[in-house]
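Under the working numbering, the residue at position 354 of the sequence shown is numbered 698, and the numbers go up by one with no gaps. Beta carbons: idealized from backbone N, C-alpha and C, even for Gly. What you are looking at is a predicted structure, and each value in this text was computed from that prediction instead of being measured. In what follows, a single structure is set out as structure tokens and then discussed.
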Amino acid sequence: MENARLYIFFALSLLIIVGFYLIVPTPRPVPPPAAPGKAAPSSAAQESGAPLPGAPAAPLATPAPAVPAPAIPRAASKIVTVETPLYVAQVDTRGGRITHFTLKHYRQSKRSLDWGDLIPPLRVWIPAGKADNRAEVEMIKREVPGQDLLGLRFLGDDALTRTFDDTAYTVSTDSLAVADSDREGKTLTLRASGPGGLTVEKRIVFRPDTYVLGYTVNLINYGPAARPLRVLNEFGEGPATNDTSTQRGAQVGPIERDGGKTRKPDVGDIEGQMTIKEPQWLGIADAYFISAARPLTPVAAGVYVALNPPGATVEKKHRIPAYGIELPQTDLGPQKMVSSAFALYLGPKATDDMLKFGQRLEDSLDLTLDFLAAPMLAMLRWFESFTGNFGIAIMMLTILVRVVLFPLTYRGMVSMKRMQKLQPRMATIREKFKGDRERMNKEMMELYRKHKINPLGGCLPIVVQIPIFFALYSALISAIELRHAPFMLWITDLSAHDGLYILPVIMGGTMFMQQRFTPTSLDPMQAKIMMWMPVVFSVFMLTFPSGLMVYWSTSNVLSITQQVIINRVKVPEPAEG
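Set out below in structure tokens:
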């Protein structure tokens, strides 16, 4: 029976290592694109979240002024720069698209200290990091030409699509600065005319205190005849690649909400095109940033399309998803206008910012065991609010967790001390019944029952810490606040691994000391095997986030302290008989 404890410990140890790879599958290649299909019109589901400025009062088929189509000159293409306290956007008048959207307060990557920095001769074997601490995060990926934000596609009419793609829209201003005092935001209006009297008007509302944009598209028919239209609003490929886009464990790719549930479709499920019939919102996210669109007027469907990047090899092609929203098909009569409105979110996965978007965009946080991870993340933020350091906040959270688990830990440690005192009797039973394992196990269970000992009591603290381990790991790789957050000395990013590998060594060392202080009922051979566990854990955790190493090492130190105290507790000698 005592062997069961050893087997359970090994199984749980492997669960921490193997379970991670099971819950985080490797993304599959995206299949080739197919022709867009026609979707039935449906209304956007209504949930919380206020409409943004610029949303039309009447969404569909409102009459346009009965005047001749205005003569809109084909102006030369130019870039309109929009700057707010949070971001800088660039709008290309050719096609009326946003081509760049950079976040002022976030950097693409952060350089970590490694041994090549401390000992220059080692740089021959240790490649220098390519991180650029100055480059701002870009929210618009441009791996496939023509997939900029706010593209407009007329389904079934490629010629009309190309016309508006190549047309230089006229703009209401050549530049736009949005200050903190502009609480209602400022609007950039783009306008272009096409054949047959069809005019497209795009209105984009920029506000100073949010990453949410208001976007309205007006299609106006100044021609003499009705025009059948199927329109797809394109919102691009999501955030550009940065140091967290491919971070191990992070969900990267499509994410959408419909029917009151948030889902994360696998990129490999996009066989040419995937439609979301009643999207509340949809977008593309990486570990810390998300691009999402929410319809404010009726739509036909949300759409994900698989794209082939230029120069893609057989192994890598069909791997770039893009997303958009298809409007209901309409016959736009003469002197009529059809209007559609959206809220767009281009920014960090920060809860307070995502709440301004509505429709539970905060569910895009990639949390494992969110019933544990969400409150742990809230506690981390609270501790950091008055310590100013997330590393110290992690240590305080660890202390809180150990205090909560102390009653269980105390019972487990006392149970192990009692078992240690029973070692002579257990050895006698093993020797007496070594040829009869069934009788030996029966006598062992009787011995445990008589002295009120749970043979698995020492494993319970480990079992309880496993879900905490996974929950904290997901919180560390999902919380934008911990991204590039420094701790002290050489630890400059708690969400990245320790480039000097000192923390894994500290974790392994404290784990070894914990074993030395913990009473055990293992035989000498089993004890020697267990002594290798700190080495195994240290090696497997070399690339785990530094914040997780801070948690684990602090937890080990607290365990040692608890064990030293409990070792002073007098446990009665087992009664004879």
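Of the residues the options, the one placed nearest residue i, counting alpha carbons only
i	options	result
Q703	L688, F579 and D613	L688
Q452	L713, K485 and R441	K485
T443	P429, E482, D458 and L430	E482
Y431	F831, A420 and T446	T446
T560	D553, T531 and R571	T531
P665	M681, M618 and L640	M618
E487	P672, A650 and R827	A650
L563	D510, L671, R527 and G603	L671
D602	A645, L833, V522 and D610	A645
S708	D492, D780 and W625	W625
L640	F856, D610, S683 and K621	S683
T533	I812, A636, V515 and D524	V515
S525	D553, L504 and D509	D553
A433	D492, L826, E775 and R638	D492
8 Å CB neighbourhood of residue i in its chain, flanking five on each side removed
i	result
G852	P878, V879, F881 and S882
F861	I904, Q907, V908 and N911
I773	M784, E787, M788 and L791
A410	Caution applies to A410, whose pLDDT of 48 falls short of 50 and renders its modelled position unreliable; the model cannot decide the point.
T731	A737 and M740
Beta-carbon separation (whole angstroms), residue i vs residue j, contact threshold 8 Å
i	j	result
M520	V426	Looking at the sequence shown, residue 520 is not Met but Leu. Between V426 and L520 the Cβ distance is about 4 Å, and since that is below 8 Å, they are a contact.
A569	P678	7 Å
F701	V556	5 Å
K608	I599	5 Å
G627	K546	So it is not a contact: roughly 19 Å between Cβ atoms.
Y513	G541	That pair is no contact at about 17 Å.
D710	S822	5 Å
V549	T428	Incorrect: roughly 11 Å between the Cβ atoms, too far for contact.
Q858	M874	With a Cβ gap of about 11 Å, Q858 and M874 do not count as contacting.
Unbroken alpha helix (DSSP H) run spanning residue i, endpoints
i	result
V880	M877 to F884
S525	No alpha helix (DSSP H) contains S525, which DSSP labels as neither H nor E.
R506	D502 to D510
Y559	Note, Y559: premise wrong, no alpha helix (DSSP H); beta strand (DSSP E) at V556 to N565.
L573	First-last for L573: R571 to L573, but that is the beta strand (DSSP E), not the alpha helix (DSSP H).
T772	Q767 to K776
K485	Premise fails: K485 is in no alpha helix (DSSP H) and is neither H nor E.
L699	T695 to L699
R781	R781 to K794
Own chain residues within Cβ distance below 7 Å of residue i, not counting five before or after
i	result
A815	T712, L713, L716, A717 and M720
A401	Model confidence at A401 stands at a pLDDT of 38, short of 50, so the residue's coordinates are unreliable; what they give is reported in the following sentence. Result list for A401: empty, nothing under 7 Å.
Y845	L886
G500	R574
G495	G439, R441 and E578
L699	E706
I620	E600, D602, L626, A645 and G646
Residue i, enclosing beta strand (DSSP E) - first and last residue
i	result
P848	Counting along the chain, P848 falls outside any beta strand (DSSP E), though it belongs to the alpha helix (DSSP H) covering I846 to F861.
F727	Here F727 belongs to no beta strand (DSSP E); instead the alpha helix (DSSP H) covers D714 to T731.
L626	P623 to A629
S683	K680 to P692
I993	This structure cannot settle anything about residue 993, because the visible part of the chain is limited to 345 through 921.
R638	F633 to P639
R547	L542 to F550
K530	K530 to S537
T887	From DSSP, T887 is part of no beta strand (DSSP E); its letter is neither H nor E.
T517	No beta strand (DSSP E) holds T517; DSSP gives it neither H nor E.
Residues near residue i in its chain [Cβ-Cβ closer than 6 Å; skip 5 each side]
i	result
E728	F734 and A737
T742	Y895, T898 and S899
F633	P583 and P692
V551	In the sequence as displayed, the identity of residue 551 is Arg instead of Val. Counting only Cβ-Cβ distances below 6 Å, and skipping sequence neighbours, we find G529.
L902	R746
G668	L576, N577, E578, F579 and V647
I824	Y632, P692, K693 and A694
R571	N565 and L676
L847	S890 and M893
Residues sharing a beta bridge with residue i, DSSP
i	result
M929	Coverage of the chain is limited to positions 345 through 921, which leaves residue 929 absent and any answer about it impossible.
V596	According to DSSP, V596 bridges with nothing at all.
N577	L496 and I669
T606	R601
H841	Looking at the DSSP assignment, H841 forms no beta bridge with any residue, so it has no partner.
A433	V426 and F445
R438	A512
R451	E480
T674	L573
I664	L651
The ligand GTP heavy atom lying under 7 Å from the CB of residue i
i	result
V611	Annotation note on the ligand GTP: not contained in the displayed structure, which lists no ligands.
Residue i at chain C interface by Cβ criterion, 8 Å
i	result
L626	Checking the listed chains, one finds no chain C in this structure; it contains a single protein chain.
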